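Student: First, the structure itself, so that you have it in front of you.
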Amino acid sequence: MNESTPGPRRQAQSEKNMRGEEEQAEISLRHAANMKEGRATGVTTLVNTSNKGPSSKKKGRSKKAHVLAVSVEQATQNFLEKGEQIAKDSQDLKEELIAAVEDVRKQGDTMRVASSEFADDPCSSVKRGTMVRAARALLSAVTRLLILADMADVMRLLAHLKIVEEALEAVKNATNEQDLANRFKEFGKEMVKLNYVAARRQQELKDPQCRDEMAAARGALKKNATMLYTASQAFLRHPDVAATRANRDYVFKQVQEAIGGISSSAQATSPTDEKHGHAGIGELAAALNEFDVTHFNM
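Numbering (full-length UniProt numbering), first residue to last: 1 to 298.
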């Protein structure tokens, strides 16, 4: 027996409520992750319910739906593997990341069951609604995991910045040229680590202005760090010459400002307005979106 189709007003209100819930659930992420680095791309697509009621087509199993359900399941599994690696490698928010991964696993299992049941009976409005809610819950869990991973990345970068600042202060307090050489060597090692983390963060920033500011700060840091040793050496050789002290202090200030620029850019939040958009749709979101487009617009 076919399920009854709701009246026009009730149906319109239901669809309006669904769209409202989707808008509330939509979260603008700050990072586009590199999959080869054990990262996951930000999820930017939520399930869009059809403006049409249940299909009048003859009921039956959908081969295409089953194929897409398997695709969603595989994409979820791939994402879980990335998420587990993120949690394992992270030094910050480890417990929170592990909990978020488990939530994605739980919601993924729910989505697997719901999508399979919907594929068996694609004309059922009840099963369709169950799958929509499952998909929304899964994307919400994935989004939370990505936000936590993003926060952990920022914390990691800020920790590196602090280490570099301490190494910089050590260089400034060097008492002789040999001491300067030793301290500058340590400073250089920390600079290499910082540059790697900052470069990755730069790629993750959505806002072009933030990316440009990060690139400029990194460039300024590299340029002035190179001059730092020469300026410090000149000062140690001629400490009574005002010009050498002024030159050293100027270079130190430039390095400090560059570090501050990296810190500010790293913590910047990308704009959420539509004209900026998002960097990309991950494998999981793409699979869910294909399922949505194919079967919700029947």
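In this text, a Cβ means the ideal position worked out from N, Cα and C, and glycines have one as well. From a predicted model like this one, the values you see are computed outputs, not experimental measurements.
Quick test of the definition: if touching needs 3 or more C-beta pairs under 8 Å, does the stretch 146–164 touch the stretch 108–125?
Tutor: no
Student: Confirm, please, whether the CB-CB distance from Phe184 to Tyr250 is below 7 Å.
Tutor: Contact flag unset, no.
Student: Taking 7 Å as the limit between beta carbons, can you name the residues of its chain near Lys84, skipping five residues before and five after?
Tutor: First, the residue type needs correcting, since residue 84 is Glu and not Lys in the sequence shown. Hits under 7 Å: Val101.
Student: Counting Cβ pairs closer than 8 Å, one from the stretch 66–76 and one from the stretch 113–120, do we hit at least three?
Tutor: yes
Student: Using the rule of at least 16 other Cβ atoms within 10 Å of the residue's Cβ for burial, across every protein chain shown, is Thr226 buried or exposed?
Tutor: exposed
Student: Answer yes if the stretch 203–210 comes into contact with the stretch 175–191, meaning at least three C-beta pairs across the two stretches below 8 Å, and no otherwise.
Tutor: no
Student: Run the CB neighbour count on Glu213, radius 10 Å, all protein chains shown included, and call it buried at 16 or more, exposed below.
Tutor: buried
Student: Taking the alpha helix (DSSP H) that His238 belongs to, which residues open and close that run?
Tutor: It is not in any alpha helix (DSSP H) - His238 carries neither H nor E in the DSSP assignment.
Student: In angstroms with no decimal places, state the Cα-to-Cα distance between Ser71 and Arg112.
Tutor: 10 Å
Student: Looking at the secondary structure, which residues open and close the alpha helix (DSSP H) in which Leu161 lies?
Tutor: 125–172
Student: Do Ala231 and Ala258 come within 7 Å of each other at the CB atom, strictly closer than that value?
Tutor: no
Student: Would you please state the rounded distance, in angstroms, between the beta carbons of Ile262 and Ala198? I believe it to be under 8 Å.
Tutor: The distance from the Cβ of Ile262 to that of Ala198 is about 5 Å, consistent with a contact at the 8 Å cut-off.
Student: Where does the unbroken alpha helix (DSSP H) through Ala181 begin, and where does it stop?
Tutor: 177–204
Student: In this structure, does DSSP put Leu93 in helix, strand or coil?
Tutor: coil
Student: Does the distance from the C-beta atom of His160 to that of Leu138 stay below 7 Å?
Tutor: no
Student: Report back the beta-carbon spacing between Gln107 and Ala141 to the nearest angstrom; my notes put them in contact at under 8 Å.
Tutor: 4 Å
Student: Ordered along the chain, which non-local residues of its own chain (more than five positions away) have a Cβ less than 8 Å from that of Thr130?
Tutor: Ala114, Glu117, Phe118
Student: How many angstroms separate the CA atom of Leu221 from the CA atom of Thr110?
Tutor: 49 Å
Student: Chain C beta carbons: is any one of them nearer than 7 Å to that of Ser140?
Tutor: Of the chains in the structure shown, none is chain C; there is only one protein chain.
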